[in-house]
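Heads up, the thing below is written out as structure tokens.
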Amino acid sequence: MSPLVLLAVLALAGCRQDMHDQPRFKPLAKSDFYGDLRSARAPVEGAVARGQLHEDSYFYSGKMGDAPGDYLPFAVNEEMLARGRERFNIYCAPCHSQLGDGNGVIVQRGFRRPPSYHTERLRKAPLGYFFDVMTNGFGAMPDYAAQISVRDRWNIVAYIRALQLSQGASAGDVPAGQKVPSSAPVFRGDPGSGATLPEVRPPSDAGKGEEPK
Ligand code: HEC
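Adding 363 to a residue's 1-based position in the sequence shown gives its number in our numbering.
Next up, the structure:
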């Protein structure tokens, strides 16, 4: 190696810069590079982070323009309704009760009582309205956007409509050929605390009045 090359190698070794030591700004530090002196730059206008395009705005807001829409953004099936019921019973029933009458356990212990879902006003409320209440909260009620995924919020909306129908349906609402139990189940004795399933008499026994042996 010629002495010149050796000198160059030695000189360049002094220029070594590791990645952990590269030029950078401390968060929110001042910079003279930009006219506004801010080193932290806003995203270029119109930039969208991966997975946040939200192109179907109704699916994410329940609104058409400024007003809530009155349809589900996807066709609902039995599985989604079951999922909606499960999520409802976890996240909403503590206050609204499993029946939706607003008398959940938290309310029984003093929290502000929500209106029943079975009022004329809420029966007629558009579906997107329920989605919006869950997404943004309403008065004393916090929002559930962080806890419940967008799809599950819609599943809950679908279930609430079914719940409303369950408390306000007439025989005329039953589709032809569909069987509906004509009376509530009869329990053997005390239904208990709910910790265990109560024993239900077989339907043939129901209403006969005497205790089965
Ligand atoms: C911590 C208790 C609580 C929980 C949990 C809760 N809510 Fe509420 N909700 C309330 C209260 C209280 C109100 C009434 C708020 C007010 O008027 O200030 C309300 C109001 C509502 C209303 C009626 C809005 C109106 O126009 O009157 C809807 C619809 C609703 N909640 C849906 C839900 C759904 C769906 C869930 C589950 C995702 C849920 N809530 C969970 C307490 C709760």
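Even for Gly, the Cβ is constructed at its ideal location relative to N, Cα and C. The model shown is predicted, which means the values in this text are computed figures rather than measured ones.
- A heavy atom of ligand 1 is found nearer than 6 Å to the CB of Met-504.
- Within the chosen limit of 6 Å, ligand 1 reaches the beta carbon of Tyr-454 through at least one heavy atom.
- When secondary structure is reduced to three states using DSSP, Phe-501 falls in the strand class.
- DSSP, read as helix, strand or coil, puts Lys-487 in helix.
- Counting along the chain, no alpha helix (DSSP H) covers Leu-435, and no H or E run does either.
- Residue pairing for Lys-393: DSSP places it in a beta bridge opposite Arg-401.
- Setting aside the 5 residues that flank it on each side, Gly-491 is surrounded in the same chain by Gly-425, Lys-426, Pro-431, Gly-432, Asp-433, each with a C-beta closer than 7 Å to its C-beta; the list follows chain order.
- Boundaries of the alpha helix (DSSP H) around Asn-518: 513-531.
- Of Gln-380, Ile-519, Phe-396, Arg-413, the smallest CA-CA separation from Phe-437 is found for Ile-519.
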